[in-house]
Structure formats: C-alpha cells, structure tokens
Amino acid sequence: MHEKEFWFVTGSQFLYGPEALAKVEEDSKVIVKKMNASGSLPYPIIFKLVGTTAENITGILKEASFNDNVAGVITWMHTFSPAKNWIRGTQLLNKPLLHLATQFLNYIPYQTIDFDYMNVNQSAHGDREYAFINARLRKHNKVIFGHWDDSDIQSQIARWMNVAVAYTESFKIKVVTFADKMRNVAVTDGDKVEAQIKFGWTVDYWGVGDLVKYVNAIDPVKVDQLYIELQEKFDYVQGQNSPEKFEHNVKYQLREYLAIKQFMDEKGYHAFTTNFEDLVGLEQLPGLAAQLLMSEGYGFAGEGDWKTAALVRLLKIMSHNTHTVFMEDYTLDLRKGHEAILGSHMLEVDPSIASDRPRVEVHPLDIGGKEDPARLVFTGMVADGVDITMADYGDEFKLISYDITGNKPEEETPFLPVAKQLWTPKMGLKKGAELWMTTGGGHHTVLSFAIDSEQLQDLSDLFGLTYVNLG
Numbered sequence: 001m002h003e004k005e006f007w008f009v010t011g012s013q014f015l016y017g018p019e020a021l022a023k024v025e026e027d028s029k030v031i032v033k034k035m036n037a038s039g040s041l042p043y044p045i046i047f048k049l050v051g052t053t054a055e056n057i058t059g060i061l062k063e064a065s066f067n068d069n070v071a072g073v074i075t076w077m078h079t080f081s082p083a084k085n086w087i088r089g090t091q092l093l094n095k096p097l098l099h100l101a102t103q104f105l106n107y108i109p110y111q112t113i114d115f116d117y118m119n120v121n122q123s124a125h126g127d128r129e130y131a132f133i134n135a136r137l138r139k140h141n142k143v144i145f146g147h148w149d150d151s152d153i154q155s156q157i158a159r160w161m162n163v164a165v166a167y168t169e170s171f172k173i174k175v176v177t178f179a180d181k182m183r184n185v186a187v188t189d190g191d192k193v194e195a196q197i198k199f200g201w202t203v204d205y206w207g208v209g210d211l212v213k214y215v216n217a218i219d220p221v222k223v224d225q226l227y228i229e230l231q232e233k234f235d236y237v238q239g240q241n242s243p244e245k246f247e248h249n250v251k252y253q254l255r256e257y258l259a260i261k262q263f264m265d266e267k268g269y270h271a272f273t274t275n276f277e278d279l280v281g282l283e284q285l286p287g288l289a290a291q292l293l294m295s296e297g298y299g300f301a302g303e304g305d306w307k308t309a310a311l312v313r314l315l316k317i318m319s320h321n322t323h324t325v326f327m328e329d330y331t332l333d334l335r336k337g338h339e340a341i342l343g344s345h346m347l348e349v350d351p352s353i354a355s356d357r358p359r360v361e362v363h364p365l366d367i368g369g370k371e372d373p374a375r376l377v378f379t380g381m382v383a384d385g386v387d388i389t390m391a392d393y394g395d396e397f398k399l400i401s402y403d404i405t406g407n408k409p410e411e412e413t414p415f416l417p418v419a420k421q422l423w424t425p426k427m428g429l430k431k432g433a434e435l436w437m438t439t440g441g442g443h444h445t446v447l448s449f450a451i452d453s454e455q456l457q458d459l460s461d462l463f464g465l466t467y468v469n470l471g
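What the sequence shown shows, in UniProt numbering, is residues 1 to 471, in sequence order.
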C-alpha cells in the first residue's frame, strides 16, 4: 500500500481583501503543521490552498479524486465561504471528506476583538453554510466539531483517517477462493458482482490443484530456515507426536504458508479462503499457514466465505493490523453470572489477539480427512471490543455489530488445542444473541479490539451500506 496522505483545503472568499486571505492561509498552515507534529495522526496532512472560487475549489477536488496517494480531503471554513462555490467540486470528489468545524483560536479575545477579527474568524457560521451544501448533496461526509489542537479532536481525526484509508483501499481488494464454498451453507453465499460494484472486491476462483503446484515447488531450504526463525516467536510443543512427525507436519504448514503467500503476491490477491471439503493434493488443511498470513495483514475466512475474508482484510487495514481477527461463535456458557461465548475456529484465528506466547502444536482434526495439522494455540485478550459480520440479504448487504467484553476462559481447556477468545456482548448474552439472530447476523465474524462502532458507521456511510449497530 502506497503512503497515503490527506489534503487540507480552507474555505474563504475575496470579499475580505488580500490581507485577510493571507491570514487565512497563514493560520491554515499553522494548524496543519502542528497537527502533523502532534504525533497523534497516522497519516500526514498536506495544506493545498485557500478555496475562494468555484474554479479553484473544483480544480483541487478533482485533482484529489484522481491522485492515488490521497486518501481523503479535510475542509475548514476560516471565514464565510459561499457554498455554491463548493457544489461542483464536491459532486466530483470521490474520496472521503472530513469537515473539520473548528476555529483558529480556542477562545474569544474579549479585550481586543474588533470587526477585523470578526471578518477573518467566521467559522461559527461559515461552517454551517458549508455543512448545508454537503447535506443538500447527500455527501455522507464526516463532521468533527471542536478545537483542532485538542487531543480528543485529533484522536477523532485519526480514527476517521483510518476509516478513509480502508475505504479507498477497499476498491483494490482481491480475494482468491481455493475451491468453492462449503456445500449447502447459506450465510457464506452472496452476490460477487454486487460486492465488486459496492465495495470494489474482486473475488476469483482457483482450483486447489493450482495451489498444490505452488506448494510442491517451494524450496525446502526456505522451509527449514523459516522453521528455525519461528522458534524465536513461538514455543514448539511436540506433545504426543514423534519428533519426526512434529517437524514434518509443522514444516508442511510452512510450505503451505510460503506457497499461498507467493501465489497471492504474484497474482495480486490480498485475501483467501479454503474449504475443508476440497483439499485434493494437500496433506493438511492450512492452519498455521493461515494464521501466519493473517498476522501479516492478509484476509482469510474458512469454508469459502469470501465476504468475511474481504472484511478481515478491510478491517485489518483500518486497524493497522492490530488486534483484529477472523472469528466464529463456537460454544456457550449459559450459567447465570457466567454468560459468555467461546469463540474460535478449527485452526485459523491469528495471534494478533494473543495474551500469552503462542505455541505451535500438532493435533488430529476430524474434519477434512487429512493429516494432523499444525496450528498456533493461545488464549485471547481481556479488553473491550466489537464483533462484526456482513451478510447479503438479496436486496442489500448489511454490516452488523455489537460491542463486547473480552475475557479469559475461567478454566484451562487441555483437550481443545486451538486459539480461543472468550467474550460477552455488553448488552448481555441473551439480548445480544437474540438481536444478532433476529437481524440475521452470521456465524463468521471479525472480532476487533482496535475498532469502534463510530468507525464502522463512518465506513458504512461511505459505502452507502446499511449498518446495524446492536449496541
């Protein structure tokens, strides 16, 4: 992903004279410089110009639309800026738009204020004029109100930047499905054409045999080297396996990891799916392989669930690949006072949510009919987060989420050698489960401790996507 930047455009007009416009530009540059120096923002802001006419505003917004490095535009009305000047440029803008409703000073200079000051510092009503035209144009832009130098305002801007980058990168996401989806499953299905129109996601089928060719061609020396390197990050637990079996099965997963990575990188894919029903030519269902790839930011979902695989990739971009994982509701604790969901998957939850040092283990897997797969085993986080799913309802896609509290299991699970995360919906398990199922939320999700519901709403607004925030 190329380095992204955000352009800053300040609104004004010629009515106030050249000295006022010079002050507007000076103040704008100060704001941009100080915000960039704050260390609070994940991407740089570039001051571009003071918008004074329909022509120069339209020109800069057209330029932003077709510059791949620009992830969004931030606007601020220092003075009154007649909003008709913004119409055409805003119509043409195809990047996320943040209206920063702020003021250069965070106070009223009672002892010195005069009409010269009032003419230059008209954000209070200039921002309202500008906001009207965005609302009239149904722009679905973000509005943040407050002083630009406040840490909470900069935090809001930072979170919006992450949304904006995810949105612009969404239209580049390519998913490869090795085999088709799991037979007869409903919620993992969907309209790939509509997904490409709405989200930009390209979803391509490739046969497992195409992947097998890559697996068989991997250099054993690279596998041996990676086997040694990973011992610095993870504990190798041989368990009941012979040394030869453990090493072979782990190395085969590393071979799969290198093969899938090479396949995706060569063909431009960012996410993938597998299906345990179609593993012809592979020794193991990818487990450790999928976990390692997700830990690097690739998207993944099991059983051919391309929507969730793309969503994992999208939200990993938004979260800078921190504490955001593919997940599935697996089993429940329904005892009063202990209500919780134990989430996991057969093998493939990635270690970005690990609270302990992950262990590489080899165990049987009844599903798939292949050799015992190697996988990372760990326990998840104690933190507040959000659980997210996407489904196709025929007439529209919906994004559904609720806030959760992540906890550690009350006891060890010695006979469940998988990565796992315990959580409870903040509204309570009973209410949360009933609302989730009434809305039609699926069993494959993205669980994140780095994303919040405001960001999901902002992202949905950009896509024109129905977002159901259950609370």
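Glycine included, each C-beta is placed from N, C-alpha and C at the ideal position.
With respect to the alpha helix (DSSP H) encompassing residue i, which residues constitute its N-terminal and C-terminal limits?
i      : result
Phe246 : Pro243 to Lys267
Asn56  : Ala54 to Ser65
Phe115 : Phe115 to Val120
Arg313 : Trp306 to Met318
Ala158 : Ser151 to Ser170
Phe132 : Ser123 to Arg136
Ile87  : Ile87 to Leu92
Excluding five sequence neighbours on each side, which residues of the same chain lie with their C-beta closer than 8 Å to the C-beta of residue i?
i           : result
Ile46       : Glu5, Phe6, Trp7, Phe8 and Val32
Ser28       : Phe8, Thr10, Phe47, Val50, Trp76 and His78
Leu315      : Ala166, Thr324, Ile388, Val446, Ser448 and Ile451
Gly464      : His140 and Lys198
Val208      : Phe178, Ala179, Asp278, Leu279, Val280, Gly281 and Leu282
residue 474 : No answer is possible for residue 474: the residues shown for the chain start at 1 and end at 471.
Grab the span of the beta strand (DSSP E) containing residue i for me, first residue to last.
i      : result
His444 : His444 to Ser448
Gln421 : Gln421 to Pro425
Trp206 : Thr202 to Trp206
Gly406 : Phe397 to Asn407
Gly72  : Val70 to Met77
Ignore the nearest five residues each way along the sequence and tell me which others in residue i's own chain have a CB closer than 7 Å to its CB.
i      : result
Tyr16  : Thr79, Asn119 and Val120
Ala259 : Leu211, Tyr214, Val215 and Ile218
Ile317 : Val165, Ala166 and Glu169
Tyr227 : Val250, Lys251 and Leu254
Met35  : Leu41, Ile45, Trp148 and Gln154
Tyr269 : Lys174, Val175 and Val176
So, for residue i: in the same chain, excluding its five sequence neighbours on each side, which residues have a beta-carbon less than 6 Å away from its beta-carbon?
i      : result
Lys307 : Gly190 and Met390
Gln455 : Arg159 and Val163
Asp403 : Val386 and Lys426
Pro286 : Glu256 and Thr274
Val187 : Ala391 and Gly442
Gly432 : Tyr402 and Pro425
On the CB-based measure, 16 or more other CB atoms within 10 Å of its CB, does residue i come out buried or exposed?
i      : result
Pro220 : exposed
Ile367 : exposed
Val175 : buried
Pro373 : buried
Phe132 : exposed
Arg255 : buried
Gln122 : buried
Ile341 : buried
Leu334 : exposed
Gln284 : buried
Met294 : buried
Gly239 : exposed
Gly369 : exposed
Roughly how many angstroms separate the alpha carbons of residue i and residue j, rounded to a whole number?
i      : j      : result
Leu365 : Val312 : 24 Å
Ser151 : Ser40  : 8 Å
Glu303 : Gln291 : 15 Å
His167 : Glu434 : It should be noted that the sequence gives Tyr, not His, for residue 167. So the alpha carbons of these two residues sit roughly 30 Å apart.
Gly394 : Gly146 : 41 Å
Lys95  : Met346 : 39 Å
Ala20  : Phe171 : 41 Å
Tyr236 : Gln103 : 57 Å
Glu63  : Ile451 : 30 Å
Gln154 : Lys142 : 14 Å
Phe415 : Thr445 : 24 Å
Ile144 : Ser460 : 17 Å
Thr112 : Leu61  : 37 Å
Glu26  : Ala309 : 46 Å
Gly200 : Leu93  : 17 Å
Lys336 : Trp423 : 15 Å
Asp458 : Asn469 : 12 Å
Thr52  : Ile108 : 25 Å
Asn321 : Val360 : 21 Å
At least one CB of chain C closer than 8 Å to the CB of residue i: is that the case?
i      : result
Gly471 : Protein chain content of the structure displayed is limited to a single chain, and chain C is not contained in it.
>> I'd like to know if the segment 177 to 196 and the segment 277 to 292 are in contact, where contact means that at least 3 CB-CB pairs between them fall below 8 Å.
In response: yes
> Three or more beta-carbon pairs under 8 Å between the segment 409 to 419 and the segment 346 to 358, yes or no?
Replying inline: yes
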